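**Q**
Residue numbers (the working numbering): 3 to 172.
Pasting the structure below:
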């Protein structure tokens with residue numbers, strides 16, 4: 003997920019379990035706040051070997067001219083044998099949502115069309131019909147008319163690559 007404003011996250015479903023990396027560009031834990039673009043102390047120090055490759059995965063890295071670095075303010079994982087989600091040992095800054103996890107994952111964890119409609123209203127400044135969002139949540143066919151109602155600025159053909167990438171079948 004990228005929101006077009008510098009925030010992003012990735013969720014990897016791998017043979018060993020699940021690895022999640024999020025980047026809130028306004029977080030005080032941003033690697034951009036460190037001259038060496040290093041991760042927040044403890045963020046990835048204890049990532050297990052089965053997920054270690056994701057810490058240097060090019061798709062999760064930025065380059066500030068000094069080489070690639072992990073674009074992450076939040077990192078968590080859960081192996082198949084883990085009883086709970088795991089994170090590094092961190093000393094968080096004293097601020098609300100210091101790593102941006104609540105901001106980044108709130109929409110994903112809410113799982114309701116109504117919450118997405120509220121987000122769209124706030125983020126895009128436009129009203130979206132909950133029944134149109136429900137159609138997407140229910141994995142119904144995406145028609146040119148549905149696309150036009152959700153975003154009059156694009157057509158179904160503009161979404162073909164993205165829909166293919168996420169495996170959404172029309």
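Note that beta-carbon positions come from the ideal geometry of N, C-alpha and C, so glycine has one too.
Nothing here was measured: the structure is a model prediction, and the numbers come from that model.
Write down the C-beta distance between residue 156 and residue 149 rounded to the nearest angstrom, noting that I regard them as a contact closer than 8 Å.
**A** That pair is a contact at about 6 Å.
**Q** Identify, in the order they occur along the chain, each residue of the same chain with its Cβ nearer than 8 Å to the Cβ of residue 46, setting aside the five sequence neighbours on each side.
**A** Same-chain partners within the cutoff: 57, 72, 74, 77 and 90.
**Q** Closest to residue 60 by C-alpha separation, out of 12, 168, 153 and 105, would be which residue?
**A** Of the candidates 12, 168, 153 and 105, the one whose C-alpha sits nearest the C-alpha of residue 60 is 12.
**Q** Would you report the Cα separation of residue 63 and residue 143, rounded to the nearest angstrom?
**A** If you take the alpha carbons of residue 63 and residue 143, they lie about 34 Å apart.
**Q** Please name the residue, chosen from 159, 102 and 125, that lies closest to residue 23 on a Cα-to-Cα basis.
**A** Cα-wise, what sits closest to residue 23 is 102.
**Q** Mapping DSSP to helix, strand and coil, what is residue 10?
**A** Strand at residue 10.
**Q** Which residue wins for smallest C-alpha separation from residue 54, given the options 160, 104 and 18?
**A** The option with the nearest alpha carbon to residue 54 is 18.
**Q** Excluding sequence positions up to five away, which residues of its chain have a Cβ less than 8 Å from the Cβ of residue 40?
**A** Cβ within range, chain order: 33 and 71.
**Q** Could you check where the beta strand (DSSP E) with residue 22 kicks off and where it finishes?
**A** Run containing residue 22: 19-25, per the beta strand (DSSP E) assignment.
**Q** Leaving out five residues before and five after residue 81 in sequence, what residues of the same chain have Cβ atoms less than 7 Å from its Cβ?
**A** 18, 19, 50 and 52, listed in sequence order.
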